[in-house]
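Residue numbers (the working numbering), protein chains in the order written: chain E, 15 to 59; chain L, 11 to 379; chain F, 1439 to 1827. Note that beta-carbon positions come from the ideal geometry of N, C-alpha and C, so glycine has one too. Remember, predicted model here, so these are calculated numbers, not experimental data.
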Amino acid sequence: MDGAIHTLQEYMLHTESITYILIVGALLGITFFWLFLSQRDDDEE
Amino acid sequence: MSITRRKFLGWLGAATAGTTIGKTANAASNKQFSGYPNSMGVLFDNTRCIGCRKCEEGCNKVNELPAPDKPFDDLTVLDTKRRTDPKAYTIVNRFDAVSNANIKGPLYRKVQCNHCLEPACASACFVRAFTKTQKGAVIYDESVCVGCRYCMIACPFEIPTYEYDSAFDPRVMKCTMCSPRIEKGLLPGCVQSCPTEALTYGKRTDLLKVARRRINKFPDRYVNHIYGEKEMGGTNWLYLSAVPFKEVGMREDLGATPAPKLTAGALSGVPIVVGLWPVLLTGIYAMNKRKEKIAKEETNLAVAAAVEQANAEAKANQKAEIEALNKMKQKEIDNAVKKALEEAAKPEDEDEGDAQSEKAEKKPSEEGS
Amino acid sequence: MSDDAATTGKPLFTPFNVIAGIIVVLGLIVTVLRFTAGLDAVTNLSDYNPWGIWIGFDLLVGVALAAGGFVTSAAVYLFGMKKYHSAVRPAILTGFLGYALVVIALNYDVGRPWRLPYPFIIQQGTTSLLFEVAACVALYLTVLFVEFSPAAMEWLGLKRARKLVVRLTILLTIFGVVLSTLHQSSLGALFLIAPAKLHPLWYSPYIPVFFFISAIIAGLSMVIFESTLSHRFFADKMDEAHLKEKDTVALGFGKAASLVLAGYFIIKVIGISESNNWHLLPTNYGLWFLVELLGFIALPSFLYAVGVRDKNIKLIKWTAAWTVLGIAINRLNISLIAFNWHLPASERYFPHWMEIVITVFLVTLGILAFRFIVTRMPILYSHPDYEDH
C-alpha cells in the first residue's frame, strides 16, 4: 500500500532481510577485526 | 564452489530489495499488525449449505482445472471424506451426526484455503512464492517454487497440495480466492455459483459484523463462535456453524498465534549466534594458545634453570677437585721437602732400603691426617 | 564405483562388492524412474505427508550424524585437545560425505531440483527457517570441502595450495562451528511452525536447542563409531599415531558424550515440565517418548560413564552405536512418527520400498566414497612429507 507495513509477515521479511545482510557483514568484519587486533602480537602465526 | 559466490550475489539482491524501499511499520511502537485494512473475505454458513457441490463445479470451471472422475452432480462422492487435491481447490464434506436439535438433516463443510491474515505458507517459503495481496488472497508464484513442500508442512489447515505425478514442472496447487477475478471486481467462482447464499463475499470487517448479527439474531441456530476471526491470527475466510466446529472436521486447538510469531524467536537467535560465537570461540582459542605459550615458556625456563644448576654444580665440583688436587700437590711437595730434609739430616751409614720401607709405612698415616 | 577395489589389488567379487553393486544398480534404476516419472512413481508422499524418509532420514539424520566434523575440529583446534588430532581427518571426511549426500538426497526430494539455488539467486524468503538451513548447509558444505582438501592436496602433491588452506584452519573451524550451531538448531526449528501437527511431547519451544545438543552427542558418538569401523576394515591404512590414539579418542569422546547426554536428559525433562506435558506420558506416544528419553538418552549416558570409568573400550563402542541409533530415532520421531499424529492411520505415511532403495543407495555411495578416499589419501595416517596442522 503506501509503503506502510500491514502484516507481521511483511514486517519480518523486512527486518530479517536486513539482518541477513548484517550477518554477512558481521562475519567478514569480525575476521578482519581480529587480524587488526592481533596483528602486532609477536607470537602470531 | 560456485554456490557461495552465487549466494553472496543473492544476498546483495536481498540487500537492495530490503533497504531501498525503507519501509516503516504501521504501528511501529508495539508491532501490532491487523492486516490490510480493506481486505476481502468470504463467510461460509453451514446452516445454509445443502451440499449441492455447485461451488466445486464453479471453482473447477473458473480455474480451468481438469474434469473430475465423477461429475459434479453425482452426490455419492459425499459419502466418503475428501480433502483438497491438485485437481480440486475446494471440496465439500458431509457430516451426518448433528448435535443441534434446531437443525434438520446433515451439515456440510466447504474446504478451501482460508487465506490467513498471516499465512504460515508465506512465512515458511524460502523463495517467497506466496504473497498476501491487499485484497486478502494468498497467491502462489510457480515460477520460483523449488518444490520443497515446507508450505504443506507449515499449513495448519492442510490446504496446499502437490502435483506429485509431474516429473518436470510439479506445482503446489491451492485456492487463490480467485485473485485474478476479485482484482477485476468479480466474485470468486465458488461464491458466484452458490445457489443458497451459504457463501457471502465482502470486506472482512463487514463479514464479521454480518456473522455477529446472525449469531445474535439466531442464538439457537449457531454456536457463539466465528471460526477464522482469531484462529492462527485470523483468516479471511470466516465460518458460522450450527454445531461445535470440531464436529464438522475443523480443528479448534490451533490457537490464535499467527504463524510468523511461532518462528520469530528462533529466527532472532540466528544473528546472536553469528555475533557472539566467533567472539567466544576466538576467545577460547586465544586462551588455549596463551596457555600453550606459557606452558612452553615455563618448560623453557625450567630447562634453562636445570642447565644452569647443573653447570653451577659442575663448576663447584670442578673447583673442589682442583682444590683437592692442589692440596695433594702441596702435600706432595711438602712431603718431598720434608723427606729431603730428613734425608739430609740422617746419618750416612743408614741402610737405604730401611729408609725406603720406613717411608712407605709412614705415608698412609700421613695422608690420613 | 563398485569396482574400485580392483585398483587396490584386492579381488573384485568380494561379498561386500557384490552387495554394493546390486544396491548401486537398483539405485540407478529407481533414480531414472524418479526423474522421468515424478515423485508419485517412487514415493508414498501425499498431500497430508509432504515429507518422507528422504527428509526425515537422509536430511535430518544425515546432518545430525555428520556433526562429528565440527565437534572434532573444534575440540582439537579451538579447545586445544591435541591428543585427539588423529580423529580430525576421518571426522571431517565423514562430515563432508554426509553433507554431500544430504544435498544429493535433496535433489531427489524437491520437485524441481534444478531450482535449488533459487533461494539465493532469485528471491530470498528470509522469514523461513528453511532459508537459514539452506544457506548454512550450502556454506558449511563448502567449508567442509575446504577443510577436507589438504588431504586430497597431499595425495595430489599440491604443496603450495595445501599450505594456503592449512593457514586458514582456525578461521574455517570457527566458521564451521557457527554454521553448524545455526543449521543444526534450525533443522529442529523448522517444526516450530507446525504446533498443530507435531505431538506436544516432541513439540517444544526448546526444539532448536534439543537439536543442537543432540547433534553434538551424535557427532561425538559417530567419531567413536566410525573409528571402530575404520579400525576393523582399514587397520592396514592406519599409522602408529592413529592406532595408539584410537583408545584415547574413545575414552575422551565417550566421556564428553556421557556428560552432554546427561545435560540433554536434564533439558528434555525440563521441556516436559515447561510445556506441562506430564499427563501425556501415560499414553502410547508418551511411552514411546519415555523409551527415547530413558532408553536412548539416560541409558547411554550411564553406559558411557561406566565404560569410561572401567576403561572398557568395547562397552564405549557399543554405546556409541546405540546412541547413534537413538538420535536417528529422535529425528524420525519428529519428522515422521510423531508428526501428523492427529491423522487417522489410513492417512499416515509409510515409506515406499523405492524410497528405501534410494536411501540405502545413497548410504552405500557414501561408504564407497569413504573407502575410495581412505585407501588413497592420508586420512588414517599422516603423510610423511607433511607436518600435521
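The beta carbon of L:LYS142 sits closer than 7 Å to some beta carbon of chain E. Shown here, L:VAL182 sits in a strand according to DSSP, grouped into three states. L:ASN103 is bridged by DSSP to L:ARG119.
At a Cβ-Cβ threshold of 7 Å, L:PHE136 and F:LEU1568 count as neighbours.
With the criterion set as a beta carbon lying under 7 Å from some beta carbon of chain L, the members of the stretch 1581-1596 of chain F are PHE1583, in sequence order. Taking F:TYR1742 as reference, the option from F:LYS1755, F:LEU1731, F:GLU1730, F:ARG1809 with the minimal CA-CA separation is F:LYS1755. The beta carbon of E:GLU30 sits closer than 7 Å to some beta carbon of chain F. In the three-state DSSP reduction, L:CYS126 falls in the strand class (E or B). If you look at F:LEU1544, you'll find it isn't in any beta strand (DSSP E); it sits in the alpha helix (DSSP H) that goes 1526-1547.
In summary, L:GLN319 is exposed, with fewer than 16 beta-carbon neighbours lying within 10 Å of its beta-carbon over all protein chains present.
Going by C-alpha positions, L:ALA266 is about 38 Å away from F:TRP1552. Close CB contacts of F:ILE1817 within its chain, under the 7 Å cut and outside five residues either way in sequence, are with ARG1527, PRO1528, LEU1531, ALA1589, ILE1811 (chain order). Proximity of chain L to F:GLY1500 at the Cβ level (cut-off 9 Å) is not reached, the minimal Cβ distance being about 16 Å. Counting only runs that start and end inside the stretch 63-101 of chain L, the alpha helix (DSSP H) elements of at least 4 residues fall at 64-72. Beyond the five residues adjoining it in sequence on each side, F:ASP1677 comes within less than 8 Å, by CB distance, of LEU1818, TYR1819, SER1820 in the same chain, given in chain order. When C-beta distances to chain F are compared with 7 Å, the residues of the stretch 24-49 of chain E below that value are MET26, LEU27, GLU30, SER31, TYR34, THR45, in chain order. If the five residues before and after L:LYS80 are omitted, its C-beta is found closer than 6 Å to the C-beta atoms of VAL87, all from its own chain and listed in chain order. Your pair F:GLU1793 and F:TRP1492 checks out as a contact, with CB atoms roughly 6 Å apart and the cut at 8 Å.
In the three-state reduction of the DSSP assignment, F:MET1815 falls in the coil class, being assigned neither a helical nor a strand state. Sorting F:THR1474, F:LEU1464, F:VAL1647 by C-alpha distance to the C-alpha of L:GLY275 places F:VAL1647 at the top. Check the Cα spacing between L:CYS126 and each of L:LEU209, L:ARG181, L:THR245, L:LEU277: the tightest is with L:THR245.
The criterion of a C-beta distance shorter than 7 Å is not satisfied by L:GLY146 and L:MET260.
Scanning F:HIS1827, F:ILE1654, F:LEU1483 for the CA closest to the CA of F:ALA1700 turns up F:ILE1654. Cβ-Cβ distances below 8 Å link F:PHE1558 to ALA1572, ALA1573, ALA1576 in the same chain, with the five nearest sequence neighbours on each side left out; the list follows chain order.
Residues of chain E with a Cβ closer than 9 Å to the Cβ of L:GLU257 do not exist; the shortest Cβ-Cβ separation is about 31 Å.
Listed along the chain, the chain F residues whose CB falls inside 8 Å of the CB of L:ASN298 are LEU1516, PHE1517, GLY1518.
Taking 7 Å as the upper bound on Cβ-Cβ separation, chain E lies near residues GLN1562, THR1564, THR1565 of the stretch 1557-1577 of chain F. Residue contact check for E:LEU51 against chain L: no CB pair falls below 7 Å. Here F:PHE1451 carries a coil assignment [DSSP, helix/strand/coil].
Here DSSP, grouped into helix, strand and coil, assigns L:ILE236 to coil. Contact between F:ILE1765 and F:ALA1502 is confirmed by a C-beta separation of about 5 Å, below the 8 Å threshold. Note: F:PHE1777 is bridge-paired with F:LEU1636 in the DSSP secondary-structure output. Contacts between L:TRP287 and chain F, judged by CB atoms closer than 7 Å, involve VAL1615, VAL1616, THR1619 in chain order.
Annotation: L:MET50 is outside any alpha helix (DSSP H); the continuous beta strand (DSSP E) that includes it extends over 50-55.
Using a CB distance cut-off of 7 Å, L:GLU128 counts as an interface residue toward chain E.
In terms of CA proximity to F:VAL1795, F:ALA1458 leads the group F:PRO1453, F:ALA1458, F:ASP1674, F:PHE1451.
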